[in-house]
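Residue numbers (the working numbering), protein chains in the order written: chain Z, 1 to 404; chain X, 1001 to 1279. Glycine included, every Cβ here is placed at the ideal spot set by N, Cα and C. Fair warning: this is a prediction, and the values are worked out from it, not measured in the lab. Here the structure comes first, spelled out in structure tokens, and everything after it is commentary.
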Amino acid sequence: MAIDNNKSWIDARLNTTALTKVMMTEYWIPKNINFLWSFGVVLATLFTLLVVSGMFLLMYYKPDTALAFDSVNKVIMQEVAYGWLFRHIHAVAASVVFLVIYIHMFVAIYYGSYKGGREMIWISGMLLFVTFSAEGFSGYMLPWGQMSYWAAQVITNLFGGIPFIGADLVIWIRGNYVVADATLTRFFALHVLILPLIIMGIIGLHMYSLRIPHVNNQEGEEIDFEAEAAKFQAGDKKGSKVMPFWPTFLAEDFFVLSGFMIFFFYLVFFHFNFAMDPINFMPADSMKTPPHIYPEWYFLWSYEVLRGFFFSANLGLVAFGIANVIFFVLPWLDRDPSVKPAHKRPLFRVWFWALIVVMIGLTVYGKLPPTGINAWIGFVFSVSFLVLLLVALPLISKIERKRG
Amino acid sequence: MRELKILVVLIFFVGLTYWGVEPYAHHVMHPEVAPADFTFKDLPKQPTTGDVAKGKELVAAQCTSCHSVNKEGIKLAMSDADAANTYGVVPPDLSNVAAIYDHNFLANFIQNPEGTVKAKPGKYAMPALGISAEDAGSIVAYLASIAAKDMSAKQITEEACVRCHSIKYEGVSRLAATDARIKEYMGSNPPDLSQMIKSKGEHYLDGFINDPQKLLHGTAMPRVGLTKEAQAKVIEHLEKVGDPKKGERNSLALWILGYFAILTVITYLWKVSKFKEVH
């Protein structure tokens, strides 16, 4: 083939000029956005931190019930140079990544970015939420402390509630009748290879699904990206409604990211107990049940939906199942096809903040012992959650569609 | 302005969630109890001074059939292993007890061991020997006269804890008693202390060591009567064993946080310059 000698060696073979344009300099972002649009880059950074710190941890961790606890708490935390730093980064990032996922998710809900051609972004994002959840759960088991063991015991037990196959399924998942060495090694395999591969694939899909419909903006304005891009390239940089991903948008992202990293490393160095539960610094003991068993904070809301129906374990399990998949169908529960932020949809706006309050309420009560009045408060929150998503959202979006 | 408003809303809801799942939940699950009481005010005031020479005689007559006083050349009547097997744990050497345990606690303990340590009735190895308050005072005075003046944190911890507990990460195993025997004596295996500072935290340990029953009702762990200073040394040592990188963590923090503070300023300036081009 003829080689274009005007191009660099690499460019002539890989056409990096075109790639840079598509991915960076001619990937157009609306100007009418705020710092919340930078959380995707924050997430990508946190995921990178998790992968890198995880690789170092993997060099010393031993997936064996007899060795795991000390390989983490003695070898990594005390003997390996800066091993503690990698563990703290890994644990704190694993917790904070969920905080940012939730922010990212609720930003999308607030601005209506899950519909009107952006459904695949939403669905791939929800797939990431689910795979990250599995990744978080499997990773939490690895230090083989008391909470690792008992959370594994409780959560795997949930599958026993599935009709007909439940009891067999639990044994199949655990690889034993109880949570044991076989459980630890298979969750290790899931955590360090299988799930990360799947997650990386879905991240690719998530970014790809975003490139075509472009990102939304603060007012849900329908932008003609081709026309605005032409305007920008013709020299009217200030008049155009768009800016390039590189360097302009990323300049803002780097600023938000740097500020976020101050917060992140403050947690890593000084405030890490929330991500490394003290109870997990006691070695797993199948004979000693901790007085309070609770999942990590990011699972608390769905855990509370499960516990909320305290009078019927089956009803709780059904509600829990619904809670875990309900957000996937959000674009279809919302009956109003127009893309508008919540501040332009009066009823939806009330619904949105009610959802935030209910989710936080579920999270807080998901940790408290489910006794006395707490059980009833949990029940009210659980029912409210289901009503908000299954009844209120379709209803109010229908009303708002009619109003126009 | 709008961005600032959004940031405030964001911080409010994140803060609310954090408050709910951390401080509030901990407050509900672990209600605050009265702080450690190093005067042991439930115990009556007993004489803790007396005739040292008489105390020495009393110790030789009353105590040394079970206890050693290594400092004075009095050895245990049997091997550590046999002693552990006989009593459940090795009876403590008396050389330095007066250096780390409260004297009034000791005086009460000598007269009424089981009640003073708050053990389950009939479960404590040391019997009450019918020693008078005056004699107990002389024994304490004698023990005080031979006790070391400056014990290291490690020595105090080993003296006070390792007859029941191991400290694996320091290479310290429990003194002589086998798992099976101590389980028979205590009802369960006393946990290893290597990570206690992490799993329980300084605040809990301070209250718990001072009075185990107050924080974990029904526990087999006796109240040992450490003085405030000795207990602080024990906790300091447990932190050294369980969290030896604390110093490194705190000093590295400044470098990394400083790095990102500077980076935030630089990226902000860059952002402003880039945004000026298009706005």
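Below 7 Å on C-beta distance, what does residue i contact in chain X?
i, result
"residue 258 of chain Z", "1260, 1263, 1264 and 1267"
"residue 243 of chain Z", "1278"
"residue 30 of chain Z", "Within chain X, no residue comes near residue 30 of chain Z; the closest Cβ sits about 11 Å away, beyond 7 Å."
"residue 292 of chain Z", "1029"
"residue 238 of chain Z", "1278 and 1279"
List, in order along the chain, the chain X residues whose C-beta lies closer than 9 Å to that of residue i?
i, result
"residue 251 of chain Z", "1267, 1270, 1271, 1272, 1273, 1274 and 1275"
So which residues of chain X does residue i contact, with C-beta pairs closer than 8 Å?
i, result
"residue 262 of chain Z", "1257, 1260, 1261 and 1264"
"residue 369 of chain Z", "1028 and 1029"
"residue 300 of chain Z", "1021"
Helix, strand or coil for residue i per DSSP?
i, result
"residue 1101 of chain X", "strand"
"residue 1029 of chain X", "helix"
"residue 179 of chain Z", "coil"
"residue 144 of chain Z", "coil"
"residue 1226 of chain X", "strand"
"residue 223 of chain Z", "coil"
"residue 1172 of chain X", "strand"
"residue 72 of chain Z", "helix"
"residue 10 of chain Z", "helix"
"residue 1186 of chain X", "helix"
"residue 30 of chain Z", "strand"
"residue 243 of chain Z", "strand"
"residue 283 of chain Z", "strand"
"residue 1069 of chain X", "strand"
"residue 3 of chain Z", "coil"
Given this structure, state the Cα-to-Cα distance separating residue i from residue j, to the nearest angstrom.
i, j, result
"residue 375 of chain Z", "residue 308 of chain Z", "6 Å"
"residue 151 of chain Z", "residue 1047 of chain X", "53 Å"
"residue 154 of chain Z", "residue 148 of chain Z", "10 Å"
"residue 1021 of chain X", "residue 367 of chain Z", "6 Å"
"residue 8 of chain Z", "residue 1195 of chain X", "58 Å"
"residue 1166 of chain X", "residue 1062 of chain X", "30 Å"
"residue 333 of chain Z", "residue 394 of chain Z", "5 Å"
"residue 127 of chain Z", "residue 202 of chain Z", "7 Å"
"residue 26 of chain Z", "residue 354 of chain Z", "39 Å"
"residue 1227 of chain X", "residue 1038 of chain X", "6 Å"
"residue 1183 of chain X", "residue 1051 of chain X", "40 Å"
"residue 423 of chain Z", "residue 189 of chain Z", "Outside the displayed range of chain Z (1 to 404) lies residue 423 of chain Z, so it cannot be described from this structure."
"residue 313 of chain Z", "residue 383 of chain Z", "15 Å"
"residue 362 of chain Z", "residue 381 of chain Z", "6 Å"
"residue 160 of chain Z", "residue 169 of chain Z", "7 Å"
"residue 141 of chain Z", "residue 184 of chain Z", "7 Å"
"residue 73 of chain Z", "residue 157 of chain Z", "27 Å"
"residue 1076 of chain X", "residue 1093 of chain X", "8 Å"
"residue 1126 of chain X", "residue 1083 of chain X", "13 Å"
"residue 1055 of chain X", "residue 1148 of chain X", "17 Å"
"residue 205 of chain Z", "residue 124 of chain Z", "7 Å"
Residue i versus chain Z: which residues are under 8 Å apart at the beta carbon?
i, result
"residue 1191 of chain X", "282"
Listing by chain order, which chain Z residues have their CB less than 9 Å from the CB of residue i?
i, result
"residue 1006 of chain X", "34, 35 and 36"
"residue 1157 of chain X", "Going along chain Z, no residue has its Cβ under 9 Å from residue 1157 of chain X, so there is no contact; the nearest lies around 17 Å."
Pick from the options: whose alpha carbon is nearest that of residue i?
i, options, result
"residue 1111 of chain X", "X:1100, X:1130, X:1214 and X:1122", "X:1130"
"residue 1271 of chain X", "Z:258, Z:24 and Z:69", "Z:258"
"residue 1043 of chain X", "X:1004, X:1118 and X:1156", "X:1118"
"residue 1107 of chain X", "X:1085, X:1228, X:1143 and X:1079", "X:1143"
"residue 1201 of chain X", "Z:77, Z:96 and Z:280", "Z:280"
"residue 1232 of chain X", "X:1114, X:1250, X:1094 and X:1100", "X:1100"
"residue 181 of chain Z", "Z:255, Z:219 and Z:144", "Z:144"
"residue 1113 of chain X", "X:1223, X:1211 and X:1094", "X:1223"
"residue 81 of chain Z", "X:1244, X:1013 and X:1276", "X:1244"
"residue 285 of chain Z", "X:1234, X:1264, X:1188 and X:1249", "X:1188"
"residue 275 of chain Z", "X:1103, X:1212, X:1198 and X:1064", "X:1198"
For a contact defined as C-beta to C-beta under 7 Å, what are the partners of residue i on chain Z?
i, result
"residue 1238 of chain X", "Neighbours of residue 1238 of chain X on chain Z: none; closest Cβ ~12 Å, over 7 Å."
"residue 1022 of chain X", "274"
"residue 1058 of chain X", "The premise fails here: residue 1058 of chain X is roughly 42 Å from chain Z at the closest Cβ pair, so nothing lies under 7 Å."
"residue 1244 of chain X", "78"
"residue 1201 of chain X", "278"
At 8 Å on the CB atoms, spell out the chain B contacts of residue i, in chain order.
i, result
"residue 265 of chain Z", "No chain B is present in this structure, whose protein chains are Z and X."
I want to know whether the segment 1170–1184 of chain X touches the segment 1076–1095 of chain X - three or more CB-CB distances under 8 Å. By the Cβ criterion, the segment 1170–1184 of chain X is in contact with the segment 1076–1095 of chain X, since at least three pairs of Cβ atoms, one from each stretch, lie closer than 8 Å.
With a threshold of 8 Å, are at least 3 pairs of Cβ atoms found where one atom belongs to the segment 1200–1215 of chain X and the other to the segment 1026–1039 of chain X? Cβ pair count under 8 Å is three or more, so yes.
Are the segment 128–148 of chain Z and the segment 227–244 of chain Z in contact at 8 Å, needing three or more beta carbon pairs? Because the criterion of three Cβ pairs below 8 Å is not met, the segment 128–148 of chain Z and the segment 227–244 of chain Z do not touch.
Examine the Cβ distances between the segment 74–94 of chain Z and the segment 51–61 of chain Z and report whether three or more of them are shorter than 8 Å. Contact between the segment 74–94 of chain Z and the segment 51–61 of chain Z is present, because at least three Cβ pairs lie under 8 Å.
Count the C-beta pairs between the segment 265–274 of chain Z and the segment 91–110 of chain Z that are closer than 8 Å, then say yes if the count reaches three, no if not. The segment 265–274 of chain Z makes contact with the segment 91–110 of chain Z: 3 or more CB pairs, one atom from each, lie closer than 8 Å.
Counting Cβ pairs closer than 8 Å, one from the segment 32–50 of chain Z and one from the segment 1152–1166 of chain X, do we hit at least three? Short answer: they don't touch.
Is there contact between the segment 225–239 of chain Z and the segment 1248–1257 of chain X, where contact requires at least three CB pairs shorter than 8 Å? Cβ pair count under 8 Å is below three, so no.
Decide yes or no for the touch test of the segment 311–326 of chain Z against the segment 165–179 of chain Z: beta carbon pairs closer than 8 Å, at least 3 of them. Not touching, per the Cβ criterion.
Per the contact definition of three or more C-beta pairs closer than 8 Å, is the segment 335–347 of chain Z in contact with the segment 109–128 of chain Z? With a cut-off of 8 Å, the segment 335–347 of chain Z and the segment 109–128 of chain Z count as touching, because enough Cβ pairs lie within range.
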